[in-house]
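The next block holds one structure in the form of structure tokens; read it before the comments.
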Amino acid sequence: MRLNLERRRKNDRMDARELCVRLARYLDGQKDELKPIRIPTRAEQQRRELGRQREFWKREVTAAGKPWPRAAR
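Just so we're aligned: the sequence shown equals residues 396 to 468 in our numbering.
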């Protein structure tokens, strides 16, 4: 969202109004007003979670003072 220097306090009503204005502009063809996002699939989320869990446990083991086992080649 654009920073409005005249606006002293931020609130939900003002944010909602700004989002509605920007959505209307986007729907009128001004594609630079909003950037669409892509929601990951369940499979993508599960792959990410595996990586996050591995990194978490890697840090836990390292913090405990034990070396992290390397994968067999």
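Glycine included, C-beta positions come from ideal geometry on N, C-alpha and C. As the structure is a computational prediction, the values presented were derived from the model and not from experiment.
Does DSSP put residue i in a helix, a strand or coil?
i, result
"R442", "helix"
"D410", "helix"
"E428", "coil"
"K405", "coil"
"A459", "coil"
"R417", "helix"
"R465", "coil"
"R433", "coil"
Our contact map puts residue i next to residue j with C-beta atoms below 8 Å; I'd like the distance itself, whole angstroms only.
i, j, result
"E428", "R417", "5 Å"
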